[in-house]
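Trainee: Quick one: this structure, given as structure tokens, is what I'll be asking you about.
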Amino acid sequence: MIFFLLNVLLIAGIIFFSLYVDLDEKETKSKALTNLVLSLAVEVIFVIFLFLALFADNPQLINLTGKLMLFGYALFGVSFLIFIMQYPKFEPHKIYTVFRYVLLALALVLVWEFGTISISSTERLSVAESISPVLGFDWYTLFRMIFIYLFPAVSVIILARKALNNKTKLYRQQMIIIILGVLVSAGLYWLLGVASSYSPLYYLLFTYCLVITVVVCFIAVRSSVMVDFNTVKSWLLKFLIDFALPSVLAGLVFAILFPFRQSMPMFFWCAFAIGAALLVIAQRIIAFKIRKMSFAQGSNYEAALEEKMAAFDYNEEPSKLIDDFVALMKQYTETMHVELLLDNDAGEIKSIHHSDGKLSPSISTKEALVDSLSGCTSSIISKTMAASRHEFSTFRDEILELFNKWDSELFIVLREGRHIFGIISLGVKRHGNGFTDYDHKALNNLYSYFFLFGFYLKNIANQSVIGTVDREIQMSSQIIRSIQDNVDRINVPSIDLGYISQSARSLGGDFIDFIRLTDSRYMMIMGDVSGKGLNASMSMVILKSIIRTLLAETGDFKELVEKVNYFIKYNLPRGTFFAGVFALFDFNENVMYYVNCGLPVLYLYTEAYNNVIEIQGDGKVLGFAKKIGSLVKVKKIKL
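Under numbering that gives the first Met the number 0, the sequence shown is numbered contiguously, ending at residue 638.
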């Protein structure tokens, strides 16, 4: 019964797993995966039918369902072989369809010629001998030679040959993963054969071997970045030191002391407790020393790189900041070269710095490729990702050509809304390694620092003054001040308006902005971005710019505040927050809508009371919570 239930659970798992297989008709690899999953599902269903025949104890049904099960195995083997032959491009061709039907016809003939099939809880699967007049083997042996042994071996040989001939590292990695999956499945199949000599029904769990193959194929084909083998090595070493070795030693101590368990129980438990404690202490000391060694360290550079970039002083010369940035990227990502490209406001994304001194050709911002990139959800795009993900299928050739033109392996795309204002291009890694899944996650988590660095180069340290030795901090102060003073003046006859904003120092994060929506509707944002000096001013300039960008795509007042909160949390340096107020003036109705974002007190002069009154609002500072919607409220007051 347990073997039957395991197969029932397996078919349920296959149905659940199929939900993760993309059935997009435009993805040929999805069709190939779907065929593989369907053939597996058919085989598991045939195995379940065989169990039902066993429960009925009907020899004729057992013979019929046994033959169906073996034909289902052949169906899976053929589907897998064709999957391997089509890999990695999965181009549809009639020859594959013809080949499939020929092999299935061969399987059907072989199964048809089988003698009677029998199996029970006490008898292993057996097929009555029926000798082939052609080769001298019985039909079942011939079937096993072709579909159980030959097909997997041919599949591995084809994959190995393709891996040797393919220059794309990602595809090589995928092929190696599939080969390892096939070998693991073969090993498990052998173990089930050994187990079936003790309990024959173990053989009917061979479907789990097929599941391993399908899952490995799915993982391999859907992988779009390289595996970080340094991280894998570090994880395996950690597992060995923290779990495997202590467990083995603890078991050894237990085995040595076990003879004393009955005769000297007190000695047994005390000695075992002392031995276990000594093992824990020794494990901690050894683990601490080994992890300090370079060979035991993985590629986890995110925390160190974040600490270095968070310490950037934007009062420094832009040329020094660029040199520091390039050095950090080379040190931690192991890239061979770094290139910075910015929108020059003349319709081009142009290289302003290349660590090797050779500037790449610029591209027009009007190109379709730039428009496609601006609509991508990913800001960290590697060459392997562009070559494999469906997201890039409509412009794959163009973006791969750009990677080759710039001799790049990874782009960090800097966007302000949908506008791309810069690209950080990273070359191939040292030793020819590709960018891994860890690289993508780490760089994506640090995107806010790249955004701030790029925005600084684009808007403050104009490329015309980069490298100028005599540039003073006053230059930055003047630029920042001009941006702060760039507001839409309220031009409504019935309104008198004035404001004063005095910073404690020349540069800071406090600002006020008025934005014209219509002739009678204006928005005011007043507040302070955390931090001091030029760094805070930079965050202020970015925030002021992005608010206007978000207004163009947002029609809801509260939703605007939520989007600003999201931008601060995920695009400005970690720990940045904004305390202030968002106000919307409707001079036709003579009312003000406002959201208090963490200000302790607000005062308003109102004509209705002819006095200054204190107004409050429910709200928190922006930049801490992931979702601020439930923490802020829009208030309305008569002017």
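We put the beta carbon where it would ideally sit given N, CA and C, even for glycine. Fair warning: this is a prediction, and the values are worked out from it, not measured in the lab.
I'd like to know if the segment 533 to 549 and the segment 594 to 608 are in contact, where contact means that at least 3 CB-CB pairs between them fall below 8 Å.
Mentor: Judged by Cβ distances under 8 Å, the segment 533 to 549 makes no contact with the segment 594 to 608, as fewer than three pairs qualify.
Trainee: So if DSSP puts Cys-596 in a beta bridge, which residue, or which two residues, is it bridged to?
Mentor: DSSP output for Cys-596 lists Gly-579 as bridge partner(s).
Trainee: By Cβ distance, which residues of its chain are closer than 8 Å to Leu-244, with the 5 residues on each side in sequence left out?
Mentor: Same-chain partners within the cutoff: Gln-282.
Trainee: So, using beta-carbon positions, are Ile-61 and Ala-52 closer together than 9 Å?
Mentor: Cβ atoms of Ile-61 and Ala-52: closer than 9 Å.
Trainee: Please report the straight-line C-alpha distance between Leu-8 and Ile-47, rounded to a whole angstrom.
Mentor: Roughly 11 Å between the two C-alpha positions.
Trainee: Within its chain, find whatever has a CB closer than 7 Å to the CB of Thr-206; leave out the 5 residues flanking it on each side and keep chain order.
Mentor: Asn-6, Leu-9, Glu-42, Val-43, Val-46, listed in sequence order.
Trainee: Who are the near neighbours of Arg-171 in its chain, counting only those whose CB is closer than 8 Å to its CB and skipping five residues on each side?
Mentor: Only Ala-162, Asn-165 meet the Cβ criterion.
Trainee: Looking at Ser-117: is its Cβ nearer than 9 Å to the Cβ of Phe-75?
Mentor: Their beta carbons are not under 9 Å apart, which means Ser-117 does not touch Phe-75 by this criterion.
Trainee: In terms of DSSP beta bridges, what is Glu-338 paired with?
Mentor: Answer is His-353, Ser-424, bridged to Glu-338.
Trainee: Starting from the C-beta of Arg-573, find all residues in its chain whose C-beta is less than 8 Å away, skip the five residues before and the five after it, and write them out in chain order.
Mentor: Taken in chain order, the residues that qualify are Glu-305, Ala-309, Ser-447.
Trainee: Quick one: residues in its chain with C-beta nearer than 7 Å to the C-beta of Ile-157, no 5 flanking neighbours on either side, listed in chain order?
Mentor: If we look at Ile-157 and ignore the five residues flanking it on each side, its Cβ neighbours are Ile-83, Met-84.
Trainee: Which same chain residues end up closer than 8 Å to Asp-656 when comparing Cβ atoms and leaving out the 5 residues on each side of it in sequence?
Mentor: Lying outside 0 to 638, the shown extent of the chain, residue 656 is not represented and no answer is given.
Trainee: Touch check for the segment 310 to 317 and the segment 387 to 407: three-plus C-beta pairs under 8 Å?
Mentor: Short answer: they don't touch.
Trainee: Could you give the first and the last residue of the continuous alpha helix (DSSP H) run that contains Tyr-448?
Mentor: First-last of the alpha helix (DSSP H) with Tyr-448: 446 to 454.
Trainee: Could you check the C-alpha separation between Asn-610 and Leu-601 for me, to the nearest Å?
Mentor: Taking the straight line joining both Cα atoms gives about 14 Å.
Trainee: Which residues in the same chain as Leu-69 place their Cβ atom closer than 6 Å to its Cβ, once the five residues preceding and following it in sequence are excluded?
Mentor: For Leu-69, where only same-chain residues beyond five positions count, the Cβ hits under 6 Å are Val-110.
Trainee: Just checking my contact of Ile-422 with Leu-340 at CB under 8 Å: how many whole Å lie between their CB atoms?
Mentor: That belief holds up - the Cβ atoms of Ile-422 and Leu-340 are roughly 5 Å apart, short of 8 Å.
Trainee: Who are Ile-514's beta bridge partners in DSSP?
Mentor: Answer is Met-522, bridged to Ile-514.
Trainee: Can you give me the start and stop residues for the alpha helix (DSSP H) that Lys-66 sits inside?
Mentor: Taken as a continuous stretch (DSSP letters only), the alpha helix (DSSP H) holding Lys-66 covers 58 to 85.
Trainee: Just curious, the alpha helix (DSSP H) that Lys-531 is in, first and last residue?
Mentor: Premise fails: Lys-531 is in no alpha helix (DSSP H) and is neither H nor E.
Trainee: What do you get for Glu-400, buried or exposed, if any count of 16 or more other CB atoms within 10 angstroms of its CB means buried?
Mentor: Its Cβ having fewer than 16 others within 10 Å, Glu-400 is exposed.
Trainee: Let me check you understand the geometry: is the CB of Asn-62 closer than 8 Å to at least one non-hydrogen atom of the ligand MG?
Mentor: Only the bare structure without any ligand can be found here, which leaves the ligand MG out of the picture.
Trainee: Can you tell me the Cα-Cα spacing of Val-193 and Pro-199, whole angstroms?
Mentor: Near 10 Å, if we compare the C-alpha coordinates of Pro-199 and Val-193.
Trainee: Does DSSP put Arg-429 in a helix, in a strand, or in coil?
Mentor: Arg-429: helix per DSSP, three-state reduction.
Trainee: For Glu-558, count the other beta carbons within 10 Å of its own beta carbon; 16 or more makes it buried, fewer makes it exposed. Which is it?
Mentor: Classification of Glu-558: exposed, given that the 10 Å Cβ count is below 16.
Trainee: Quick check: the Cα distance between Tyr-188 and Glu-338, rounded to an integer number of angstroms?
Mentor: For Tyr-188 and Glu-338, the distance between alpha carbons rounds to 51 Å.
Trainee: Could you give the first and the last residue of the continuous alpha helix (DSSP H) run that contains Val-417?
Mentor: Note that residue 417 is Arg in the sequence shown here, rather than Val. Counting along the chain, Arg-417 falls outside any alpha helix (DSSP H), and DSSP gives it neither H nor E.
Trainee: Whole alpha helix (DSSP H) runs in the segment 255 to 303 with 4 or more residues, listed along the chain?
Mentor: Taking only runs of at least 4 residues, the alpha helix (DSSP H) segments lying wholly in the segment 255 to 303 are 259 to 262, 264 to 290.
Trainee: Between the Cα of Leu-598 and the Cα atoms of Arg-515, Phe-577, Asp-512, which residue gives the shortest distance?
Mentor: Taking only the C-alpha atoms, the option nearest Leu-598 is Phe-577.
Trainee: Which residue's Cα is closest to the Cα of Lys-66: Arg-515, Gly-453, Leu-124?
Mentor: The option with the nearest alpha carbon to Lys-66 is Leu-124.
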